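Here the structure comes first, spelled out in structure tokens, and everything after it is commentary.
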Amino acid sequence: SSPSLLFPVPALLRLYCSLYQLFSVSIVLCTSSSPSLLFPVPAQFQSLTVVLPPGVPLSEYISHYEPLSYDAQDVHRNHVRAKRSVTRENAVHLHFSAHRRSFNIRLKRDLSTFSSNLVVHGPDGREEDLDTSHIYQGHIIGEPGSHVFGSVSEGVFEGKIVAPWGSYYVEKAHRYFPNTANKTFHSVIYSESDVGDPYESLRTGHVGGCGVTDEVSQWMDRVQNGAVDDDDPPPSPGKVKPPQPSFPSYHPNKYSREANEEGEKSRVKRGTRSKDDNRNTCSLFIQTDPLIWRHITEQVINRTLTRALLGSFSLIPLIPLIIIIIIIIIIIM
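Residue numbers for the sequence shown follow the UniProt record's numbering, so the first one is 1 and each next one is one higher.
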């Protein structure tokens with residue numbers, strides 16, 4: 001009835017609900033002084049708050065996600081060109097919109113995560129070829145301080161996006177919708193802030209696993225980074241001082257050579273005192289869970305691609321799976 005009324009209440013609510021359904025975002029009416037105001041709201045409704053349905057949960061650990069789709073064939077063609085390139089100048093570009101943001105990503109092959117001298121032996125002891133061309137790192141164009149790292153398989157990117165306004169995880173949709181033949185989107189993207197542990201309040205103390213408690217972890221870190229030998233056993237619980245961080249600054253890729261060389265000026269690691277050429281190498285045995293191997297093999301009938309996907313598992317978020325495994329271990333124990 002007011003002459004200054006732009007929208008009647010029912011029409012305004014319908015408009016907002018339509019926007020929510022189209023863009024999967026929550027819109028809240030606020031005062032005219034708020035910087036997040038979407039458009040002028042009459043004085044009669046400046047104190048009105050419209051609470052729309054919460055985000056769409058992906059699992060009990062991820063409270064909100066958004067479907068993601070782009071031209072995977074075009075990305076695959078760029079990936080093939082980058083793989084064949086002698087230099088790492090060929091870039092792979094991703095451009096999409098999600099979480100009310102526009103992501104214009106430039107990726108280059110990551111040649112620093114794995115050493116060029118890395119050797120992999122199969123179950124029979126024979127040396128096997130290792131293809132690391134699917135691993136990439138890059139940044140968001142026009143966003144200083146951003147960092148993107150992950151893998152590209154069949155034209156689909158999986159990994160983590162670190163932006164000034166937040167961090168996001170990108171995964172293949174079939175991991176969450178294995179029985180749904182949905183061709184409208186091939187990936188899901190969710191914010192790090194939307195990942196939570198609904199059972200955190202039910203647990204007390206440290207998270208059990210392989211006998212590595214907080215005290216043992218601190219003792220191992222002190223022995224590894226100490227300049228002298230430390231043959232003392234792990235300290236008893238309750239006698240350990242809070243650990244001091246070895247790296248005060250955050251590095252987006254903690255496994256890179258640069259990240260591990262930053263602290264060498266302030267400490268002398270026991271493993272680096274050797275004068276032989278192998279002072280920076282060690283033997284590493286990794287045995288993957290047969291259930292994970294079978295799960296991926298059933299979806300990708302290609303042993304080489306399966307091995308590549310398992311090799312990139314450290315670059316994608318597995319928080320929900322890790323939490324489930326920890327809960328199972330606690331129940332068994």
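Just so it is clear, CB atoms sit at the ideal spot from N, CA and C, and this is done for glycine as well. For clarity, every value in this text was computed on a predicted model and none was experimentally measured.
Helix, strand or coil for residue i? Go by DSSP, reduced to three states.
i: V268; result: Unreliable placement is indicated for V268, whose pLDDT of 49 sits below 50; the coordinate value is still reported in the next sentence. Here V268 sits in coil by DSSP.
i: S193; result: helix
i: Y255; result: Unreliable positioning characterises Y255 in this predicted model, as indicated by a pLDDT of 49, which lies under 50. A coordinate reading is not provided.
i: S201; result: helix
i: E127; result: strand
i: residue 350; result: This structure gives no information on residue 350, because the portion of the chain shown stretches from 1 to 333.
i: H174; result: helix
i: P67; result: strand
i: P245; result: In this predicted model, P245 has a pLDDT of only 48, less than 50, meaning its place in the structure is not dependable; the value taken from the coordinates is given anyway. It is coil, neither helix nor strand.
i: V41; result: Reliability of the predicted coordinates at V41 is poor, the pLDDT of 47 falling under 50, and the value obtained from them is presented with this limitation in mind. Note: V41 maps to coil in three-state DSSP.
i: T31; result: Unreliable positioning characterises T31 in this predicted model, as indicated by a pLDDT of 34, which lies under 50. The coordinate reading is nonetheless provided below. Coil.
Looking at the unbroken alpha helix (DSSP H) that takes in residue i, where does it start and where does it end?
i: K83; result: 72 to 84
What does a CB cutoff of less than 6 Å around residue i pick up in its chain, not counting 5 residues either side in sequence?
i: L38; result: Annotation note: pLDDT 42 at L38 (below 50); position unreliable, coordinate value reported separately. Within the same chain, L38 has no close Cβ partners at all.
i: Y168; result: I161, I189, S191
i: D221; result: none
i: N179; result: none
i: N90; result: R81, A82
Could you check where the beta strand (DSSP E) with residue i kicks off and where it finishes?
i: A98; result: 92 to 98
i: F103; result: 101 to 109
i: H134; result: Element bounds for H134: n/a, residue is neither H nor E.
Excluding the five sequence neighbours on either side, which residues of its own chain have a C-beta within less than 8 Å of the C-beta of residue i, listed in chain order?
i: H64; result: P54, G55, V56, P57, L58, Y190, S191, D194
i: H139; result: I105, R106, S146, H147, V148
i: S97; result: F103
i: I141; result: N104, I105, R106
i: F185; result: P67, L68, S69, A173
i: A72; result: E154, G155, V156, H186
Within 10 angstroms of its Cβ, does residue i collect 16 or more other Cβ (buried), or is it exposed?
i: Y70; result: buried
i: S2; result: With a pLDDT of 42 at S2, under the threshold of 50, the predicted position of this residue should be treated as unreliable, and no value is reported.
i: I135; result: buried
i: G122; result: exposed
i: K183; result: exposed
i: L130; result: exposed
i: residue 392; result: Limits of the chain in this structure are 1 at one end and 333 at the other, which puts residue 392 out of reach.
i: S115; result: exposed
i: L68; result: buried
i: S201; result: exposed
i: E66; result: buried
i: Y199; result: exposed
Given residue i, which residues of its chain have a CB within under 7 Å of its CB, disregarding the five upstream and five downstream residues?
i: V92; result: V75, N78, H79, A82, L107, Y136, V152
i: V119; result: E127
i: V132; result: Note on residue identity: the sequence assigns Thr, not Val, to residue 132. Closer than 7 Å at Cβ, skipping near neighbours: F114.
- Message: Assess contact between the stretch 163 to 171 and the stretch 136 to 147, defined as three or more Cβ pairs (one per stretch) separated by less than 8 Å. Is contact present?
- Response: Yes, they touch.
- Three-pair Cβ contact test at 8 Å for the stretch 107 to 125 versus the stretch 76 to 91: In this structure the stretch 107 to 125 touches the stretch 76 to 91; the number of beta carbon pairs closer than 8 Å is three or more.
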